[in-house]
Amino acid sequence: MITVTLDDRALKVAIDGLQGRIANMRPALAAAAQVLREAAMQAFDESRSPDGKAWPRLKPASIVSRARRHSPKGYVKNRARTLARFADAKPLLDTGQLRNSIQVYSVTDTEAVVGTKLPHAAIHQFGGRAGRGRRVSIPARPFLGLSEQAKSEIEDIIRRHVAGGVGGA
Numbered sequence: 008m009i010t011v012t013l014d015d016r017a018l019k020v021a022i023d024g025l026q027g028r029i030a031n032m033r034p035a036l037a038a039a040a041q042v043l044r045e046a047a048m049q050a051f052d053e054s055r056s057p058d059g060k061a062w063p064r065l066k067p068a069s070i071v072s073r074a075r076r077h078s079p080k081g082y083v084k085n086r087a088r089t090l091a092r093f094a095d096a097k098p099l100l101d102t103g104q105l106r107n108s109i110q111v112y113s114v115t116d117t118e119a120v121v122g123t124k125l126p127h128a129a130i131h132q133f134g135g136r137a138g139r140g141r142r143v144s145i146p147a148r149p150f151l152g153l154s155e156q157a158k159s160e161i162e163d164i165i166r167r168h169v170a171g172g173v174g175g176a
């Protein structure tokens with residue numbers, strides 16, 4: 008009779024560690040949330056959606072309105088000169104309020120919440136009609152979402168976490 012004894016203590020320790028890391032995804036989700044926030048910052052900097060599509064340019068009326076807000080006297084003398092001067096103005100970056108409001112709100116073992124509490128964020132993300140009587144049409148300029156690069160980074164973060172810790176820890 009042949010008897011084989013298997014000492015599986017090392018395997019049990021490895022499985023227990025793996026289960027522990029999967030049960031506590033908070034560190035990986037916190038790192039993933041930062042990747043998502045950085046993708047949003049990049050969208051504002053490049054005036055592109057996270058998937059790389061360029062945002063619609065500002066309409067002439069929006070450029071003039073922006074110039075009026077920044078004018079010490081509150082009006083614009085020469086519309087053509089104003090349009091030329093502000094032609095390269097980046098959408099959604101007039102004051103930087105929307106960009107600066109994007110943050111990581113919460114991270115748990117099962118989810119991470121990244122976004123903004125500003126009420127006008129949704130109209131810029133999805134587009135739609137706004138203003139008195141909903142007369143103004145605002146094109147969608149998505150800033151929250153995942154680029155292919157961000158997806159890859161998050162996959163790597165999760166893989167590293169499950170394999171032994173985020174950031175090689």
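My numbering puts the first residue of the sequence shown at 8, with every later residue one more than the last. Ideal Cβ placement from N, Cα and C applies to all residues, glycine included.
Here the alpha carbon of K84 sits roughly 45 Å from the alpha carbon of Q156. Per DSSP, the unbroken alpha helix (DSSP H) holding R44 starts and ends at R33 to E53. Taking H168 as reference, the option from G24, M8, A17 and S154 with the minimal CA-CA separation is G24. Note on M48: under 16 other CB atoms within 10 angstroms of its CB, so exposed under the neighbour-count rule.
Runs of beta strand (DSSP E) with 3 or more residues, each lying fully within the region 99–166, are found at 110–114, 119–122, 135–137 and 143–145, listed in chain order. Around M32, the same chain offers D116 as residues with beta carbons nearer than 6 Å, after the five sequence neighbours per side are excluded. In the DSSP assignment, A61 forms a beta bridge with R55.
Between the region 90–107 and the region 58–67, the count of Cβ pairs shorter than 8 Å is three or higher; the stretches touch. Under a 10 Å Cβ-count criterion, T102 is classified as exposed, with fewer than 16 other Cβ atoms of the shown protein chains found around its own Cβ. The beta carbon of S54 lies closer than 7 Å to those of A61, W62, K97 and P98 in the same chain, with the five residues before and after it left out. Per DSSP, the unbroken alpha helix (DSSP H) holding G27 starts and ends at R16 to A30. Relative to the Cα of V120, the nearest Cα in the group A128, A129 and Q110 belongs to Q110. Taken through DSSP and simplified to helix, strand or coil, V11 comes out as coil.
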